[in-house]
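Asks: All residue numbers for the sequence shown refer to numbering that gives the first Met the number 0, where the first residue is 0 and numbers rise by one. Idealized CB from N, CA, C, for every residue including glycine. Sharing a structure with you now.
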Amino acid sequence: MAYKAPVRDLTFILNEVLEIDRYTNQPGFQDVSSELAQQILEEAGRFSDEVIAPINHSGDKEGCTWAEGGVVTTPKGWKEAYHQMVEAGWPSLTADPAYGGQGMPSIIGSAVGQFTAGASAAFSMYPGLTAGAHAGIHANASDEIKAKYLPKMTSGEWT
Numbered sequence: 000m001a002y003k004a005p006v007r008d009l010t011f012i013l014n015e016v017l018e019i020d021r022y023t024n025q026p027g028f029q030d031v032s033s034e035l036a037q038q039i040l041e042e043a044g045r046f047s048d049e050v051i052a053p054i055n056h057s058g059d060k061e062g063c064t065w066a067e068g069g070v071v072t073t074p075k076g077w078k079e080a081y082h083q084m085v086e087a088g089w090p091s092l093t094a095d096p097a098y099g100g101q102g103m104p105s106i107i108g109s110a111v112g113q114f115t116a117g118a119s120a121a122f123s124m125y126p127g128l129t130a131g132a133h134a135g136i137h138a139n140a141s142d143e144i145k146a147k148y149l150p151k152m153t154s155g156e157w158t
């Protein structure tokens, strides 16, 4: 059975349970409407269904390999899917705009992350681990370290 991102379910949670339109006066939510959230979730769902889910099996079957000299080979289709993810701007979705991010609230990023993990838990480690490292650096590092690392992590150049 092919993966189908639960866009309708997450939209219901954001709009009916969390009522995100009530938070437009809060930091990080000023530019986020239920309509924008819906558009983001629909596009993230499409991306997960069409780009990530089809490579899930190759990740389980092939895995990654490490060769002498530090060369890592990823499963078939993973490199291309990651480049498409970066081109679409998904790694920067919730990151601080000061470092090239889009500044969306983390609740939107959590929904998008759920779609990615649902389509391929293994592939979701690419952006997921970087997001965790990014958050740690953003919260604790000096301005010099932030300036050095966060833009490349935000853009997806480094993962």
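Give the single residue among THR72, TRP157, GLN101 and ALA138 whose Cα lies nearest to the Cα of ILE39.
Replies: It is GLN101 whose Cα lies nearest to the Cα of ILE39.
Asks: Since ILE19 and PHE122 are thought to touch, with beta carbons under 8 angstroms apart, how far apart are those beta carbons, to the nearest angstrom?
Replies: The Cβ separation is near 27 angstroms, so there is no contact.
Asks: If you follow the beta strand (DSSP E) that ALA138 is part of, which residue opens it and which one closes it?
Replies: From DSSP, ALA138 is part of no beta strand (DSSP E) but of the alpha helix (DSSP H) over 124-139.
Asks: Could you tell me the boundaries of the alpha helix (DSSP H) in which TRP89 lies?
Replies: First-last for TRP89: undefined, no H or E at that position.
Asks: Got a sec, what are the start and stop residues for the beta strand (DSSP E) ALA66 sits in?
Replies: 64-66
Asks: How would you write the range of the alpha helix (DSSP H) that THR115 sits in, first residue to last?
Replies: 105-118
Asks: When the Cα atoms are used, what is the spatial distance from ASP95 to ASN139?
Replies: 14 angstroms
Asks: Is the separation between the beta-carbon of PRO104 and that of PHE28 shorter than 8 angstroms?
Replies: yes
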